[in-house]
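Working notes, structure below.
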Amino acid sequence: MSLERTLTVRVERISRQTPEILAFELAHPWGRPLPSYEAGAHIDVHMPGGFSRQYSLARAPSSASARRYVIGVKRELSSRGGSASMHERVREGDLLPISAPRNTFPLREEAAHHLLLAGGIGMTPLLAMAQALAGRGAAFTLCVFARSEEHLAFADALRAPSLAPHLRLHLDQGDASQRIDLRSLLAQRAPGTHLYVCGPGGFMQAVRDAAAHWPEDALHAEYFAAPTDAGAAAGLPFTLKLAKRGITVPVAADQTAVDALHEVGIDIPVSCQQGLCGTCVVEGDGEGAEHRDFCLTGSERRHKVALCCSRAKGLELELQL
Ligand code: FES
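Sequential numbering from 3 applies to the sequence shown in our numbering.
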């Protein structure tokens with residue numbers, strides 16, 4: 003197994019957004035442009051203590067953002083150490099290895115209207131998407147859910163003149179008349195509307211429940227962590243059929259496809275290993291796969307497979323490897 007190629011950035015600025023969220027601005031150490039990206043993209047940050055986490059880029063791509071990436075990091079009390087490491091050990095001026103941006107949560111060009119639902123720190127990719135949509139004059143609504151004004155990250159960016167007309171703000175502790183009822187919001191789907199959601203697990207589930215009648219291809223979700231009821235990576239044994247190489251590779255019941263391929267000398271890049279980031283996705287017979295990822299859309303699942311977690315429906319799974 004291998005990680006994707008990394009690049010090194012300098013932490014240019016750290017700013018407190020809320021009692022739990024810090025924003026980090028990352029730049030090339032010598033001021034060069036950073037790799038380009040699209041709204042919705044994320045990077046892996048390799049932080050002190052050996053932790054690696056994915057963070058969405060919270061600013062729409064532009065010539066200015068080619069010089070800096072902005073991420074928001076919420077300190078999670080239940081985290082395995084990643085967010086604590088960023089909050090406690092990383093300082094302005096430090097160098098951090100990161101991956102190039104990857105996008106498993108892109109805006110859909112075919113949408114007539116974009117409905118962006120952001121819960122807490124889940125706002126970061128959706129803020130970038132809203133800025134991108136505003137820049138191209140597209141039709142969109144950005145609904146942001148936060149506990150209170152004090153817990154609203156990137157408030158200045160949200161209230162910028164270009165976003166303000168599209169923003170609906172729901173504060174749990176705010177004016178009751180401005181709260182958003184998800185069931186009523188999502189009861190009807192205007193033709194061509196695509197829904198994008200990112201936030202804590204409970205919020206994501208509430209949105210999914212309220213939008214259960216929406217077509218699957220109009221729903222797009224970015225998860226921070228695999229849902230707690232996600233299945234384990236293990237399952238029944240099966241065989242990978244590698245179409246380009248003309249060989250087969252057995253996958254044991256307690257093995258992932260990535261591990262089985264590694265054993266025969268084929269290294270698939272991985273990062274999250276939870277089906278979230280899309281690093282391990284390859285072309286293949288998606289119809290024959292038991293998909294266990296949280297990053298592929300319904301249509302992508304017809305011809306792509308995330309090898310860190312997904313398995314074969316039957317005895318064999320063909321991949322374009
Ligand atoms: S390694 Fe992240 S989806 Fe597989």
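Glycine residues also receive a C-beta, built at the ideal position from the N, C-alpha and C atoms.
- Shortest gap from the CB of L36 to any heavy atom of the ligand FES: 7 Å or more.
- A distance below 7 Å between beta-carbons, with the five flanking residues on each side excluded, links I123 to the following residues of its chain, in chain order: I23, G74, K76, A155.
- Taking a C-beta distance under 8 Å as the contact criterion, L238 and A255 qualify as a contact pair.
- Rounded to whole angstroms, T8 and E14 show a C-alpha spacing of 18 Å.
- Between S273 and H293, the C-beta gap is not smaller than 8 Å, which leaves the two residues out of contact.
- The segment 246-263 makes no contact with the segment 201-217, as fewer than three CB pairs between them are under 8 Å.
- Shortest gap from the CB of V307 to any heavy atom of the ligand FES: 7 Å or more.
- Around T241, the same chain offers T250, P252, E318 as residues with beta carbons nearer than 6 Å, after the five sequence neighbours per side are excluded.
- The alpha-carbon separation between E218 and F107 amounts to approximately 14 Å.
- Residue environment: K306 is assigned as buried (16 or more neighbouring CB atoms within 10 Å of its CB, all protein chains considered).
- Shown in chain order are the residues whose CB sits closer than 6 Å to a heavy atom of the ligand FES: V272, S273, C274, Q275, G277, L278, C279, G280, T281, C282, D295, C297, A308, C310.
- By the Cβ rule, the segment 159-174 does not count as touching the segment 191-202, because fewer than three pairs are nearer than 8 Å.
- Separation of the CB atoms of A41 and M125 is rounded to 13 Å, and the pair is thereby denied contact status at 8 Å.
- E320: member of the beta strand (DSSP E) spanning 318-321, first to last residue.
- Contact between the segment 38-57 and the segment 96-111 is established, with three or more Cβ pairs separated by less than 8 Å.
- By the neighbour-count criterion, in which a residue is buried when 16 or more other Cβ atoms sit within 10 angstroms of its Cβ, H215 is exposed.
- The beta carbons of K315 and G288 sit no closer together than 8 Å.
- Taking each of R18, L221, G83, P167 in turn and checking the Cα distance to F296, the smallest one comes out for L221.
- Counting along the chain, the unbroken alpha helix (DSSP H) around E265 starts and ends at 259-265.
- Taking the C-beta atoms as reference points, A60 is found no nearer than 8 Å to A134.
- Classified as exposed, R247 has fewer than 16 neighbouring CB atoms from the shown chains inside 10 Å of its CB.
- Under the 10 Å beta carbon count, I182 is surrounded by fewer than 16 other beta carbons and is classified as exposed.
- For R12, the uninterrupted beta strand (DSSP E) run begins and ends at 8-18, by DSSP.
- The beta carbon of L117 sits closer than 6 Å to the beta carbons of T143, T195, L197 from its chain, once the five residues preceding and following it are set aside; these are given in chain order.
- For V209, the enclosing alpha helix (DSSP H) covers residues 203-212.
- For C200, the beta-bridge partners assigned by DSSP are A120, E224.
- By the criterion of a C-beta distance shorter than 6 Å, S17 is surrounded in its chain by A25, once the five residues flanking it on both sides are discounted.
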